[in-house]
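In what follows, a structure is listed as structure tokens, so that the remarks can point back to it.
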Amino acid sequence: MISNEFKILFTGPMGAGKTTAITQLSDQDCVSTDVVNTDLEQCDKEMTTAGLDYGYISLPDGSGVRLYGTPGQERFQFMWPILATNAAGVILLLNGEHPDLEEHLELYTNAFSNNGETPLVIGIGRISSDDFTRIDRVTEKLAAKHLFVPVISVDVRECEDVLLLVETLLCQIEANEMELMQV
């Protein structure tokens, strides 16, 4: 019997790597609602998530982590608050090569940061390890909004990179809990 579970939400625009990240971590086959992508102009990929992605991590103590991924298309925005309900934290994935990177950052931080109250970590993919200008630009945009969250270069095809995002988020969650205990 599972004694304790918590939920982590993966979000971001179409093609940012949410499905891949959840697949990297899940102990079981993932639930996916992928359909044929009809918006090739936004993202040139064959399939895209239309509802949600779901994976699960079983922990040695019998507890577990539920992994949910949002659809990335703005037309499915109505799903975002439903999937965010009771999330312990949010991992925002962004495509560093996308020309609308800053607009995506604005849209998703407005939707999921909860004015800095919800633990948030941002992973930026598809940038070279020595190109920090995109990370710097994202960090500056966040600071202008008074959001001070970790921003990490990530390759969601690499399990270690995705684990780094989750571990960083867990540190954010723990720090928030400690802060609440001191109040």
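The opening residue of the sequence shown carries number 755 in the working numbering; numbering runs sequentially from there.
Beta carbons are placed, not taken as given, at the ideal position from N, Cα and C, and that holds for glycine.
Straight-line gap, residue i to residue j (C-alpha atoms, nearest Å)
| i | j | result |
| --- | --- | --- |
| residue 811 | residue 765 | 18 angstroms |
| residue 876 | residue 867 | 11 angstroms |
| residue 890 | residue 783 | 36 angstroms |
| residue 860 | residue 874 | 14 angstroms |
| residue 857 | residue 831 | 15 angstroms |
| residue 923 | residue 835 | 19 angstroms |
| residue 936 | residue 921 | 23 angstroms |
| residue 928 | residue 934 | 10 angstroms |
| residue 930 | residue 852 | 32 angstroms |
| residue 786 | residue 833 | 15 angstroms |
| residue 895 | residue 846 | 15 angstroms |
| residue 771 | residue 781 | 18 angstroms |
Whole-number beta carbon distance between residue j and residue i, since they are thought to touch under 8 angstroms
| i | j | result |
| --- | --- | --- |
| residue 762 | residue 819 | 6 angstroms |
Residue i, DSSP secondary structure in three states
| i | result |
| --- | --- |
| residue 832 | coil |
| residue 899 | coil |
| residue 776 | helix |
| residue 866 | helix |
| residue 881 | coil |
| residue 911 | coil |
| residue 807 | strand |
| residue 755 | At residue 755 the pLDDT is 41, less than 50, meaning the model places this residue with poor confidence and gives no usable figure here. |
| residue 934 | helix |
| residue 813 | coil |
From the options, residue whose alpha carbon lies closest to that of residue i
| i | options | result |
| --- | --- | --- |
| residue 947 | 822, 873, 882 and 869 | Outside the modelled stretch of the chain, which goes from 755 to 937, sits residue 947, for which no answer is possible. |
| residue 823 | 767, 816 and 912 | 767 |
| residue 914 | 775, 841 and 771 | 775 |
| residue 909 | 902, 903 and 917 | 917 |
| residue 900 | 808, 932 and 863 | 863 |
| residue 773 | 932, 928 and 912 | 912 |
| residue 854 | 878, 808 and 777 | 878 |
| residue 777 | 821, 828 and 902 | 821 |
| residue 826 | 815, 865 and 779 | 865 |
| residue 893 | 771, 848, 872 and 932 | 848 |
| residue 838 | 760, 781, 919 and 888 | 760 |
DSSP beta-bridge partners of residue i
| i | result |
| --- | --- |
| residue 849 | 879 |
| residue 764 | 823 and 845 |
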